[in-house]
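Residue numbers (the numbering used here): 1 to 135. Notes to accompany the following structure.
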Amino acid sequence: MTRGERNNNPLNIRRSDRTRWLGQTLRQTDREFVQFQCMLFGWRAAFRILRTYIRLHHLNTLRLIIYRWAPPEDGNNTESYLATVSERAQIHPNRTLSFDDETSMVAIVCAMAWVESHLSDIDVGLVKRAYLLAF
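Here it is, written out as structure tokens:
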């Protein structure tokens with residue numbers, strides 16, 4: 001079981017003193033990543049972050065999202081991350097995205113979960129429920 005699975009945090013969202021997530025467990029034993037009560041809340045948090053990226057920060061392409069999510073200055077191989085998510089989600093890195101496009105958002109988050117937590121057996125129905133809860 002991966003860390004993302006143990007924490008019900010498929011995208012390995014980092015802990016922050018400034019953010020208290022819906023469904024976050026009261027006791028946080030992982031020093032780096034948020035722990036959620038169930039996977040639904042971990043998926044929802046991922047969508048909330050993407051919603052903020054797109055709507056507030058105008059990061060409306062996969063390239064802009066991934067470069068914010070996993071920047072090279074943090075030691076990430078951002079181009080590899082981008083290429084993998086683009087291929088798995090079947091979305092061109094420079095295509096303009098809208099958070100209202102459920103199909104694309106679900107595909108992106110599932111692809112990012114594969115990169116972050118090596119999740120391949122994903123309950124897409126649960127992910128879609130989390131997307132709807134992110135509004």
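The beta-carbon is built from N, C-alpha and C at its ideal position, and this holds for glycine as well.
The three-state secondary structure of T2, taken from DSSP, is coil. Apart from sequence neighbours up to five positions away, the residues of its chain that approach L59 with a beta-carbon distance below 6 Å are Y53, I65 and R68, ordered along the chain.
In this model, H57 and T29 are separated by some 31 Å (Cα to Cα).
In this structure, the alpha-carbon of L97 lies about 16 Å from that of M112. Contact holds between the region 121 to 130 and the region 39 to 47, because three or more Cβ pairs, one in each stretch, are under 8 Å apart. F99 is the residue among T2, L119, S80 and F99 whose C-alpha sits nearest the C-alpha of T61.
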